[in-house]
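All remarks here apply to the structure that follows.
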Amino acid sequence: MDQEKPTVCVLDASTYVGFWILKGLLSRGYTVHAALQRKGSETEIEEKIKEMERVEDRLAVFTVDILDYQSILVALKGCSALFCCLDSPDGYDDVIVDLEVRGAINVVEACAQTDTIEKIVFSSSLTAAVWRENICLEKDVDERCWSDQDFCRKMKLWYALAKTLSEQAAWALAMDRMLNMVSVNAGLVLGPGVAQQNPRSTMSYLKGAAQMFENGVLAFVDVGFLADVNIRAFEDSSTCGRYFCFNQIVNTEEEAVKLAQSLSPLLSLPSKYECQGSEVYAERLRTKKLNKLVEGTA
Numbered sequence: 367m368d369q370e371k372p373t374v375c376v377l378d379a380s381t382y383v384g385f386w387i388l389k390g391l392l393s394r395g396y397t398v399h400a401a402l403q404r405k406g407s408e409t410e411i412e413e414k415i416k417e418m419e420r421v422e423d424r425l426a427v428f429t430v431d432i433l434d435y436q437s438i439l440v441a442l443k444g445c446s447a448l449f450c451c452l453d454s455p456d457g458y459d460d461v462i463v464d465l466e467v468r469g470a471i472n473v474v475e476a477c478a479q480t481d482t483i484e485k486i487v488f489s490s491s492l493t494a495a496v497w498r499e500n501i502c503l504e505k506d507v508d509e510r511c512w513s514d515q516d517f518c519r520k521m522k523l524w525y526a527l528a529k530t531l532s533e534q535a536a537w538a539l540a541m542d543r544m545l546n547m548v549s550v551n552a553g554l555v556l557g558p559g560v561a562q563q564n565p566r567s568t569m570s571y572l573k574g575a576a577q578m579f580e581n582g583v584l585a586f587v588d589v590g591f592l593a594d595v596n597i598r599a600f601e602d603s604s605t606c607g608r609y610f611c612f613n614q615i616v617n618t619e620e621e622a623v624k625l626a627q628s629l630s631p632l633l634s635l636p637s638k639y640e641c642q643g644s645e646v647y648a649e650r651l652r653t654k655k656l657n658k659l660v661e662g663t664a
């Protein structure tokens, strides 16, 4: 008989990635606390989660405010892990950057105050690693790399800045509090309904897409695979540090056109668009750590 699975928390489970992690955990037999941030009107994903709660005994829904420390503690009660998936449904600007950083600090500090949290799996982004001057001169971009904050501010890359600062703040606090944390730095997330359910984060990620493409650091990941990697990062006791997570680097015009088509109607091409160039840009992203984590699996 399998040992009973522990209770875990997903915050914010109403984000696109959070929802897929939630579904993956339930399918594997975990009991899940789905922590939803207070928003204005209820989103399609929030409605789905509340419908699931009515029929799923292993799912409990909590409403949290990431700036209210106590509400986070209530959602974490009895949980052995936290999957932290912070994302702004309203897009990103300098104010949202500050809110996301403060939220990340609050969430990690709340984990430190519990007796039960054994691991934090922190959802971050490749954009927290790929933005700086002269990246085209670097051969390898891997988990040791960070985006340059001043460069992000100068170029108004608010999404990249939010992901860089919130991940760095989470790491600093987790190390100070001696918490076991890993981060998963995802490429552009693709999957069913992504253009409808995650439009603003998708477009925020793609700010500067042409430069990412030309520098060999534009990559995407399937949301099902990403959710699986997050769960593996929790289940595998040997995981540590950061993990770049993507399925493919986009480095030809044909691949870029396919990506744009997959994000319709968010992105649109002229109806009779034809590929002009045959240039293949050098791939700079490396995923040795990810390959090791998913070795021998689909």
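When we follow the working numbering, the leftmost residue of the sequence shown carries the number 367, and every step to the right adds one.
The beta carbon of each residue, even a glycine, is placed where N, CA and C say it ideally should be.
Between E475 and S446, the CB-CB gap reaches or exceeds 9 Å.
W524 places its beta carbon 9 Å or farther from that of S513. Check the Cα spacing between F591 and each of V660, L629 and N581: the tightest is with V660. Apart from the 5 residues on each side of it in sequence, L531 sits with its Cβ closer than 6 Å to the Cβ of V467 in its chain, given in chain order. According to the DSSP secondary-structure assignment, N551 is paired through a beta bridge with S490 and F610. Per DSSP, the beta-bridge partners of L556 are D588.
Excluding residues up to 5 positions away in sequence, V376, L377, D378, A379, T381, V383, G384, I387 and S489 lie with their Cβ nearer than 8 Å to the Cβ of C451 in the same chain. Residue state for Q577 is assigned as helix, using DSSP reduced to three classes. Judged by DSSP secondary structure, L651 falls outside any beta strand (DSSP E); it is assigned neither H nor E. Below 8 Å, enough C-beta pairs join the region 608 to 615 and the region 547 to 555 to call them touching: three or more.
As computed with DSSP, L425 is found in a beta bridge with V398.
Where L527 is concerned, the enclosing alpha helix (DSSP H) starts and stops at W524 to D542. An exposed status is given to D434, since fewer than 16 other beta-carbon atoms sit within 10 Å of its beta-carbon. Exclusion of the five residues before and after S437 leaves V430 and D431 as the residues of its chain whose Cβ lies within less than 6 Å of its Cβ. When the Cα atoms are used, D423 and A622 turn out to be separated by approximately 43 Å. DSSP places K443 in the coil class of the three-state scheme, outside both helix and strand.
With 16 or more other Cβ atoms from the protein chains shown falling within 10 Å of its own Cβ, C518 counts as buried. Listed as beta-bridge partners of L448 by DSSP are C375 and I486.
A distance of 9 Å or more separates the beta carbons of F600 and L556. In the DSSP assignment, M569 falls within the unbroken alpha helix (DSSP H) covering P565 to Y571. Here DSSP, grouped into helix, strand and coil, assigns Q403 to strand. Contact annotation, K371 with G395: C-beta distance approximately 5 Å; criterion of less than 8 Å satisfied. Between the alpha carbons of L633 and V616 lies a distance of about 16 Å. In this structure, the CA atom of C502 is about 43 Å from the CA atom of K414. S628: member of the alpha helix (DSSP H) spanning E619 to S628, first to last residue. Taking the CA atoms as reference points, T397 sits about 44 Å from E504.
R652 sits close to V507, with the two beta carbons spaced by under 9 Å. In this structure, G582 lies near E649, with their beta-carbon atoms less than 9 Å apart.
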